[in-house]
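Asker: Each residue of the sequence shown is one higher than the last, beginning at 406 in my numbering.
Virtual Cβ for every residue (Gly too), placed ideally from N, Cα, C.
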Amino acid sequence: MENELCKASHKVFRIKYHFVLCIKYRKDLFLNEKYTETIRKTCDEIQKRYYVKFETIGFDEDHVHFMLQSVPKYAPSKIFQIVKSITAIKMFEDNDKIKQDLYGGEFWSDGGYVATVGEGVNADIIRDYIKKQGRKGEQLKLFEFS
406 MENELCKASH KVFRIKYHFV LCIKYRKDLF LNEKYTETIR KTCDEIQKRY YVKFETIGFD
466 EDHVHFMLQS VPKYAPSKIF QIVKSITAIK MFEDNDKIKQ DLYGGEFWSD GGYVATVGEG
526 VNADIIRDYI KKQGRKGEQL KLFEFS
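(1) Could you tell me the alpha carbon to alpha carbon distance between S475 and S482, rounded to whole angstroms?
(2) Alpha carbon to alpha carbon, what distance is there between G525 and W513?
(3) For A520, which of helix, strand or coil comes out of DSSP?
(4) Just mark A480 as buried or exposed, buried being the case when its beta carbon has 16 or more other beta carbons within 10 Å.
(5) By how many angstroms is the C-alpha of V417 removed from the C-alpha of H468?
(6) Look up M406 in the DSSP assignment and say whether it is helix, strand or coil.
(7) When the Cα atoms are used, what is the spatial distance from D446 to Q452?
(8) Give every residue of the same chain whose Cβ lies closer than 7 Å to the Cβ of A528, excluding the five residues on either side of it in the sequence, and list them in chain order.
(9) Are V519 and F550 closer than 8 Å when you measure CB to CB?
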């Protein structure tokens, strides 16, 4: 789906976004591979239920980068809502210990970053940027979705 045009009734489109979400209190929880795997699996499930396709996910110790595609019916704020709420719920369900690290019961910090991504060189630059994330090389966890 990387360079494919998407089709819906009377529409042809290609809409890509670069999202960044930070863990509440900038906790370095993504050093734990179990947590990164929970997010990856949850994103795979989101793809099956919503019109969202994750291309690349890159984890740093306290935040995550997503390159994803969606349909015109979802505003970026709706995609944020879907991804943040479902991943947070799943993280708390699957990992009881997280509640000890995050006081107040929120997994993600408020807000985040979103930018549209054009295809071609722009998309390649963003993919490369996501792949090179990480303060220390061994900390980055990267997943390519196919």
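Answerer: Once the coordinates are examined:
(1) The alpha-carbon of S475 is positioned some 12 Å away from that of S482.
(2) 31 Å
(3) Reduced to three states, the DSSP call for A520 is strand.
(4) Label assigned to A480: exposed.
(5) 33 Å
(6) Reliability of the predicted coordinates at M406 is poor, the pLDDT of 43 falling under 50, and the value obtained from them is presented with this limitation in mind. The answer is coil: DSSP assigns M406 none of H, G, I, E or B.
(7) Note that residue 446 is Lys in the sequence shown, not Asp. Computed Cα separation, rounded: 10 Å.
(8) K421 and V522
(9) no
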